[in-house]
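Numbering (my numbering), first residue to last: 18 to 68. We put the beta carbon where it would ideally sit given N, CA and C, even for glycine. To start, the structure itself, in structure tokens.
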């Protein structure tokens, strides 16, 4: 697991809203997919992230 996945896990464990949208209307899952961060996207999906 790289730093991104570990960071996502920590944020989720502290109650982060993984379906929150940024100022451009994109979710963390959408950003992970855009930047080809497959492992990060998988962590988000396992925790119930919606696109």
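Does DSSP put residue i in a helix, a strand or coil?
i, result
"residue 55", "helix"
"residue 22", "helix"
"residue 49", "helix"
"residue 35", "coil"
Going straight from the alpha carbon of residue i to that of residue j, what length do you get?
i, j, result
"residue 67", "residue 22", "17 angstroms"
"residue 62", "residue 54", "12 angstroms"
"residue 37", "residue 29", "12 angstroms"
"residue 51", "residue 59", "13 angstroms"
"residue 47", "residue 27", "19 angstroms"
Mind checking whether the beta-carbon of residue i lies closer than 8 angstroms to any heavy atom of the ligand SAH?
i, result
"residue 55", "Ligands in the displayed structure: none, and consequently the ligand SAH is not present."
Taking the alpha-carbon of residue i as reference, which of the options has the nearest alpha-carbon?
i, options, result
"residue 39", "49, 57 and 56", "49"
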